[in-house]
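Visitor:
2 protein chains.
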Amino acid sequence: MITLNIIYQARERVKPYIVKTPLIRLQNLDEYAGCKVYAKLENMQNTKAFKLRGAMNKILSLDETEKEAGIICSSSGNHGQAVSYAAKLLGIKATIVIPETAPKFKVEAIRQHGAATEFCTVDDRFIVTERLAEENGYTIVPPFEDDLVMAGQGTAGLEIMEEEIPFDHVLVPASGGGLIGGVSTALKESGFEGKVHGVEPDKLPRYTKSLEAGEPVQLESKKTIADALVVNRPGDLNFEVVQKHVDGFLTVSDETMLKAQKIMLMEGKILAEVSSSIGLGALIDGKLDVDKDDEVCLVVSGGNLGFEQLELLEEIEY
Amino acid sequence: MITLNIIYQARERVKPYIVKTPLIRLQNLDEYAGCKVYAKLENMQNTKAFKLRGAMNKILSLDETEKEAGIICSSSGNHGQAVSYAAKLLGIKATIVIPETAPKFKVEAIRQHGAATEFCTVDDRFIVTERLAEENGYTIVPPFEDDLVMAGQGTAGLEIMEEEIPFDHVLVPASGGGLIGGVSTALKESGFEGKVHGVEPDKLPRYTKSLEAGEPVQLESKKTIADALVVNRPGDLNFEVVQKHVDGFLTVSDETMLKAQKIMLMEGKILAEVSSSIGLGALIDGKLDVDKDDEVCLVVSGGNLGFEQLELLEEIEY
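Right, dumping it as structure tokens:
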């Protein structure tokens, strides 16, 4: 299982390539959230999402032979962008396997960093990734189920600790469990006294169900507006960490996430992905028992979206 | 003329009512700006603009008789919202004179804080304001030409100094000169070694022209997309301060401001008014001679806009 020490090592490794993102107070959100709102702005990270932390830590840890052979991953989203960007920066050949259904702006974002792209059906993407890895000697950079990836994401948790704000709660968007695994380890092993909660779509409550069952449970895949939180089963490595360090999980509906995204934009002045607005969604829906003086940190995990996606917010009222 | 000391007094006065806004690094804007970009986020101030600082300082300085009689101002914009909000907070009767042409969301924003509203034609607004003030014994809270208002805006400058970042340049959106007057005094009298620049719409270069002439010059009113920067003549008090402390003025076209607003939103993840994006506009148009290692602070003066205004950005390319 990852430890605080492994996260410190990750931080030294990734330091030259990532930024310490702002953690700011957003008092204009307090009346909507019912508490004192802070945001850790990973949407302002390089490649505009936390994903670069983990991908970079993994890639920098490869040996020279592996680096020379190249890397591969399957992701049309923020992980794909992070791997593509990291590979270019480090002069490593990268291939990103993308489902044919991926929106154009995401494919362009991956290509702008120079990675090669391979298209396949959604169902085939992991098989294609493994086949290409085997045929070409590529190393797979997993999106979450990997200690080095999880430790890299945990560096965001170290930065939260450094602010020395006595948070009562930290809310982390969860999908496979890379971010929440890393951040909860960093916080709890550093002596953080508040609570750490994962937040997941109510259509895909894979952690809520798995924690109830005491083991990773595979849910039926369902479509949610939260396109960065679509994993239907916790990673085994991640589940173990989450079980140890996370205080609980909250679930949020698609409708509330959109409302939260609009409030974050119009009142908080921050543009976040709908998936990354899920923490605020949990608060506006009263999913967490908070007092108005409670200090709550929302991890805003990413901000990669096309302008046309803002249209979805037009009719949303709050 | 205002002094650093008057600004320190303002800060003590307004402290309970305003927030120290975030000043953050936005490295994702560097490639567009050609330098290291920071932003002082007054769009995250209470009432979502710097205007509360000055209005609050003015209103808190009134004597009891004046407070009891009530206050008035003419503004459909951020100043009107600030006065309305401050009055409610302090239990003072306020009237806001609004041009009939003001957009609905602005009128609603003023009314939500509880001020009375009076409508008139754009040309009549100052006459109506003065008549109502005289008839009812109201004190006028001026938008910029007033030492207490200017000193209040200057508290944003004190906060910039406190960050202890050795900025090469600070860029401040300018209209009547309240913000640039206050901020430039706070910076220059605190020993700031970088340069302070005002930025104004190229359709209304009232400071550029007035500084050339050596005295305040009245320009013909012109329509600009920068609806918060429409004053056509510097305030006399403001001009004197600006002449002493500001290193220069830059002008920006409407087209560039829209482009800057879109870059600020999509790349910087910050929602700012088009008027408040003018500093980034000056940089992307190369109006300031900067080096890639120069540290430049953009004062993002406000973020009051309706969702429908985002439509203007749809066709903008950058």
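Protein chains in written order, with UniProt numbering: chain A, 1 to 318; chain B, 1 to 318. Where a beta carbon is used, it is the ideal one built from N, C-alpha and C, also for glycine.
Could you tell me which uninterrupted alpha helix (DSSP H) segments, each at least 4 residues in length, are contained entirely in the region 31 to 103 of chain B, listed from first to last along the chain?
Guide: If we require 4 residues or more, the alpha helix (DSSP H) runs fully inside the region 31 to 103 of chain B come out as 51 to 60, 64 to 69, 78 to 90.
Visitor: Roughly how many whole angstroms lie between the Cα atoms of Arg111/B and Val83/B?
Guide: The count along the second sequence starts at 1 and reaches residue 111/B at position 111. The count along the second sequence starts at 1 and reaches residue 83/B at position 83. C-alpha separation (whole angstroms): 11 angstroms.
Visitor: If you draw a straight line from the C-alpha of Ile72/A to the C-alpha of Thr101/A, how long is it?
Guide: Your numbering for residue 72/A matches position 72 in the first sequence. Your numbering for residue 101/A matches position 101 in the first sequence. Going from the Cα of Ile72/A to the Cα of Thr101/A covers about 19 angstroms.
Visitor: Using only the alpha-carbon positions, how far apart do Thr256/A and Phe50/A sit?
Guide: Here residue 256/A refers to the residue found at position 256 when the first sequence is read from its first residue. Here residue 50/A refers to the residue found at position 50 when the first sequence is read from its first residue. In a straight line, the C-alpha of Thr256/A is about 23 angstroms away from that of Phe50/A.
Visitor: Can you name the start and end residues of the alpha helix (DSSP H) that residue 319/A belongs to?
Guide: This structure cannot speak to residue 319/A, because chain A is shown only from 1 to 318.
Visitor: Which same chain residues end up closer than 8 angstroms to Leu229/B when comparing Cβ atoms and leaving out the 5 residues on each side of it in sequence?
Guide: Within the second sequence, residue 229/B is the residue found at index 229, counting from 1. Pro173, Ala174, Ser175, Glu200, Pro201, Leu204, Ser275, Ile278, listed in sequence order.
Visitor: So, are the CB atoms of Thr155/B and Ile7/B less than 9 angstroms apart?
Guide: On the second sequence, position 155 is the one that residue 155/B refers to. On the second sequence, position 7 is the one that residue 7/B refers to. Cβ distance < 9 angstroms, so Thr155/B and Ile7/B count as in contact.
Visitor: Determine the burial state of Gly268/A: buried for a count of at least 16 other Cβ atoms within 10 Å of its Cβ, exposed for fewer.
Guide: Here residue 268/A corresponds to residue number 268 of the first sequence, with the count starting at 1. By the neighbour-count rule (16 or more Cβ atoms within 10 Å), Gly268/A is buried.
Visitor: Phe105/A: buried (16+ other C-beta within 10 angstroms of its C-beta) or exposed?
Guide: Within the first sequence, residue 105/A is the residue found at index 105, counting from 1. The residue is exposed, with fewer than 16 neighbouring Cβ atoms inside 10 Å.
Visitor: Hey, would you say Thr129/B sits closer than 9 angstroms to Ser74/B, going by beta carbons?
Guide: Sequence index remark: in the second sequence, residue 129/B carries index 129 (1-based). Sequence index remark: in the second sequence, residue 74/B carries index 74 (1-based). Contact flag set, yes.
Visitor: Is it the case that the region 147 to 154 of chain B contacts the region 112 to 127 of chain B, given that we only count it when at least three CB pairs across the two stretches are under 8 angstroms?
Guide: As far as the Cβ criterion goes, the region 112 to 127 of chain B does not touch the region 147 to 154 of chain B, which means the pair count is below three.
Visitor: Is the distance from the Cβ of Lys223/A to the Cβ of Val217/A below 9 angstroms?
Guide: Against the first sequence, residue 223/A aligns to sequence position 223. Against the first sequence, residue 217/A aligns to sequence position 217. Cβ distance not < 9 angstroms, so Lys223/A and Val217/A don't count as in contact.
Visitor: Short of 8 angstroms in beta carbon distance, which residues of its chain neighbour Asp236/A, apart from the five on each side in sequence? Order them along the chain.
Guide: Translated into positions along the first sequence, residue 236/A becomes position 236. Closer than 8 angstroms at the Cβ level, and outside the excluded window around Asp236/A, lie Glu145, Pro216.
Visitor: Mind listing which residues of the region 255 to 277 of chain A have their C-beta closer than 7 angstroms to chain B's C-betas, in chain order?
Guide: The region 255 to 277 of chain A vs chain B, Cβ under 7 angstroms: Leu265, Met266, Lys269, Ile270, Leu271.
Visitor: Out of Ala226/B, Arg233/B, Lys259/B, Asp227/B, which one is the CA nearest neighbour of Glu220/B?
Guide: What you label residue 220/B is simply residue 220 of the second sequence in a count that begins at 1. Among Ala226/B, Arg233/B, Lys259/B, Asp227/B, the Cα nearest to that of Glu220/B belongs to Arg233/B.
Visitor: Check the DSSP bridge columns for Pro201/A and list the partner residues they point to.
Guide: Position 201 of the first sequence, counting from 1, holds the residue named residue 201/A. Pro201/A pairs with Val252/A.
Visitor: Whose C-alpha, out of Gly214/A, Lys36/A, Gly181/A, Gly182/A, is nearest the C-alpha of Val290/A?
Guide: Working through the first sequence from its first residue, we reach residue 290/A at position 290. The candidate whose alpha carbon is nearest that of Val290/A is Lys36/A.
Visitor: For Gly191/A, count the other beta carbons within 10 Å of its own beta carbon; 16 or more makes it buried, fewer makes it exposed. Which is it?
Guide: In the first sequence, the residue the question calls residue 191/A occupies position 191. The residue in question, Gly191/A, is exposed, as its Cβ has fewer than 16 Cβ neighbours within 10 Å.
Visitor: With a cut-off of 8 angstroms, do at least 3 Cβ pairs link the region 242 to 253 of chain B to the region 18 to 26 of chain B?
Guide: The region 242 to 253 of chain B vs the region 18 to 26 of chain B: no contact.
Visitor: Consult DSSP for His245/B and reduce its assignment to one of helix, strand or coil.
Guide: What you label residue 245/B is simply residue 245 of the second sequence in a count that begins at 1. Helix, per DSSP.
Visitor: Can you pull the chain B neighbours of Ser19/A, defined as C-beta to C-beta under 8 angstroms?
Guide: Residue mapping note: residue 19/A aligns to position 19 of the first sequence, counting from 1. In the sequence as presented, Ser is not what sits at residue 19/A; that position holds Val. Correct list: Arg25, Gln27.
Visitor: Among Ile180/B, Lys88/B, Val14/B, Pro143/B, whose alpha-carbon lies nearest the alpha-carbon of Glu240/B?
Guide: One-based indexing of the second sequence puts residue 240/B at position 240. Of Ile180/B, Lys88/B, Val14/B, Pro143/B, the residue nearest in Cα terms is Ile180/B.
Visitor: Relative to the C-alpha of Ala272/B, which residue among Gly80/B, Leu313/B, Gly70/B, Tyr32/B is closest?
Guide: Residue mapping note: residue 272/B aligns to position 272 of the second sequence, counting from 1. Nearest option by C-alpha distance: Leu313/B.
Visitor: Look at the Cβ atom of Thr185/A, then the Cβ atom of Glu66/A, and state whether they are nearer than 9 angstroms.
Guide: Position 185 of the first sequence, counted from the start, is the residue given in the question as residue 185/A. Position 66 of the first sequence, counted from the start, is the residue given in the question as residue 66/A. Not a contact, by the Cβ cut-off of 9 angstroms.
Visitor: Note down, in chain order, each residue of its chain lying with its Cβ closer than 7 angstroms to the Cβ of Leu89/A, except the 5 sequence neighbours on either side.
Guide: As a first step, residue 89/A must be located in the first sequence, where it is residue number 89. Within the same chain, Leu89/A has close Cβ partners Tyr17.
Visitor: Which residues in chain B sit within 7 angstroms of Phe119/A, going by Cβ to Cβ distance?
Guide: What you label residue 119/A is simply residue 119 of the first sequence in a count that begins at 1. Here the premise fails: no neighbours, minimum Cβ distance about 26 angstroms.
Visitor: Let me know if Met1/B comes out buried or exposed under the rule of 16 or more other beta-carbons within 10 Å of its beta-carbon.
Guide: For the purposes of this step, residue 1/B is taken as the residue at position 1 of the second sequence. Exposed: under 16 other Cβ atoms inside 10 Å.
Visitor: Would Asn46/A count as contacting chain B if we go by Cβ distances under 9 angstroms?
Guide: Within the first sequence, the letter at position 46 stands for residue 46/A. So yes, Asn46/A belongs to the interface.
Visitor: Please list, in chain order, the residues of the region 287 to 311 of chain A that have any C-beta partner in chain B closer than 7 angstroms.
Guide: From the region 287 to 311 of chain A, only Gly303, Phe307, Leu310 have a Cβ closer than 7 angstroms to chain B.
Visitor: Establish whether the CB of Leu313/B and some CB of chain A are separated by less than 9 angstroms.
Guide: Stepping through the second sequence from its first residue, residue 313/B is reached at position 313. Chain A, which has a Cβ nearer than 9 angstroms to the Cβ of Leu313/B, makes this yes.
Visitor: Since Glu31/A and Asp168/A should fall inside the 8 angstroms C-beta cutoff, what is the C-beta to C-beta distance between them, to a whole number of angstroms?
Guide: Working through the first sequence from its first residue, we reach residue 31/A at position 31. Working through the first sequence from its first residue, we reach residue 168/A at position 168. Between Asp168/A and Glu31/A the Cβ distance is about 18 angstroms, and since that is not below 8 angstroms, they are no contact.
Visitor: Please name the residue in Val300/A, Lys259/A, Glu311/A whose C-alpha comes closest to that of Glu317/A.
Guide: Walking along the first sequence from the start, residue 317/A turns up at place 317. For Glu317/A, the nearest C-alpha among the options comes from Lys259/A.
Visitor: Check this for me: beta carbons of Met56/B and Ala94/B, under 9 angstroms apart or not?
Guide: The residue given as residue 56/B occupies position 56 in the second sequence. The residue given as residue 94/B occupies position 94 in the second sequence. No. Outside cutoff.
Visitor: Please return the same chain residues whose Cβ sits closer than 7 angstroms to the Cβ of Asp285/B, not counting the five positions on each side in sequence.
Guide: Mapped onto the second sequence, residue 285/B falls at position 285. Closer than 7 angstroms at the Cβ level, and outside the excluded window around Asp285/B, lie Val252, Thr256.
Visitor: Which residues bound the beta strand (DSSP E) around Glu295/A?
Guide: As a working mapping, residue 295/A is identified with position 295 in the first sequence. Its beta strand (DSSP E) spans residues 295 to 300.
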